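Below: one structure, written as structure tokens.
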Amino acid sequence: MHPSTRTAVVTGSDSPMGRAVALALADDGFDVGLAYAADRDSAEATAADVETRSVRAAVQRMDLADLPGSAAAVDEFARDLGGIGVLVSCPGSTAVECIQRAVRYMIAGGGGGRIVNVTTSSSGLGGLTGLLAAELARYSITVNSVVVPAVEPDFAAPGPDDREVAAVASYLCAPAGMFVTGAAYVVDGTRIAMIPHSLTEAGALRQPRRAGRIRSYTGRWAPTRWTR
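Residues 122 to 349, numbered by the working numbering, are exactly what the sequence shown covers, in order.
Take a look at the structure:
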């Protein structure tokens with residue numbers, strides 16, 4: 122099913138990656154809510170560019186240290202733009218409470234929605250993707266991750282261009298991505314392949330993720346909470 126509304130919220134829109142994602146979705150015909158952490162001027166500039174695509178834009182501050190305020194920002198986007206059909210979170214810019222609030226609007230809109238977590242490999246949101254995908258399938262909401270490399274200034278391999286990351290997010294929100302859920306698309310410019318063998322020999326890449334890191338989220342996602 123397609124998103125319940127042609128409205129997308131992009132968190133971290135004051136970052137270069139967030140800007141690229143917002144413009145890609147605007148090119149796809151989505152009205153875009155731009156959530157920023159600190160740089161309102163940057164988010165406003167992106168909003169102006171979004172509106173040149175003949176779609177609407179709205180700007181709200183989203184501070185992860187203020188969870189009630191972040192949830193209220195999601196409510197404001199839904200009021201300003203007429204619902205929420207897509208949520209794209211850029212690294213370090215979204216709390217799980219915001220995802221939960223956005224999901225309620227997707228369900229209220231009749232079901233159907235897309236959640237894309239742009240994340241580094243060490244992020245807890247990456248581990249949460251599969252759990253959410255399984256639970257939200259009943260509402261025709263897909264949940265996927267786009268995995269990008271963490272910032273490593275001394276690493277020789279170039280990282281992906283922000284527009285390349287945005288193109289993957291755009292695909293996952295498009296009709297072509299309707300049946301893709303629970304997936305992690307790695308956009309890392311072959312960095313994994315170039316990690317020195319000494320790390321694998323030392324077991325650094327073979328350490329299993331502690332079960333508690335994922336299990337700690339499960340209590341938040343009881344099915345009855347989505348529609349409260």
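Glycine residues also receive a C-beta, built at the ideal position from the N, C-alpha and C atoms.
Since this is a predicted model, take the numbers as computed values, not measurements.
Selection from the options that minimises the alpha carbon distance to residue i
{"i": "G231", "options": "I205, N265, D152 and A164", "result": "I205"}
{"i": "A287", "options": "V308, A297 and P296", "result": "V308"}
{"i": "S261", "options": "R177, E165 and G303", "result": "G303"}
{"i": "V176", "options": "R235, V264 and L202", "result": "L202"}
{"i": "Q181", "options": "T173, A199, D170 and R174", "result": "A199"}
{"i": "G298", "options": "P281, N265, A178 and V269", "result": "N265"}
{"i": "T126", "options": "Y226, V217, S191 and A164", "result": "Y226"}
{"i": "R174", "options": "D162, S163, V153 and A193", "result": "V153"}
{"i": "A254", "options": "G133, G233, Y292 and V131", "result": "G233"}
{"i": "D135", "options": "T241, D170 and S163", "result": "S163"}
{"i": "A216", "options": "F300, Y306, A147 and A156", "result": "A156"}
{"i": "S210", "options": "T167, M183, P296 and G251", "result": "M183"}
{"i": "D353", "options": "T128, P212, D187 and T132", "result": "Within the shown structure, residues of the chain are numbered from 122 to 349, placing residue 353 beyond reach of any answer."}
{"i": "S291", "options": "A192, D196 and L208", "result": "L208"}
{"i": "A159", "options": "E172, T132 and T241", "result": "T132"}
For residue i: DSSP bridge partner residues
{"i": "L208", "result": "V130 and I236"}
{"i": "Q181", "result": "A156"}
{"i": "S266", "result": "N238 and A305"}
First through last residue of the beta strand (DSSP E) which encompasses residue i
{"i": "G154", "result": "D152 to Y157"}
Delimiting residues of the alpha helix (DSSP H) encompassing residue i
{"i": "M299", "result": "Note, M299: premise wrong, no alpha helix (DSSP H); not H, not E."}
{"i": "R259", "result": "No alpha helix (DSSP H) contains R259, which DSSP labels as neither H nor E."}
{"i": "S191", "result": "L188 to L202"}
{"i": "G230", "result": "Note, G230: premise wrong, no alpha helix (DSSP H); not H, not E."}
{"i": "A120", "result": "In the structure as shown, the chain begins at 122 and stops at 349. Residue 120 is therefore absent and cannot be evaluated."}
{"i": "S291", "result": "D283 to C294"}
{"i": "P137", "result": "P137 to D148"}
{"i": "S175", "result": "Counting along the chain, S175 falls outside any alpha helix (DSSP H), and DSSP gives it neither H nor E."}
The segment 219 to 230 in contact with the segment 139 to 149 per 3-pair CB rule at 8 Å: no
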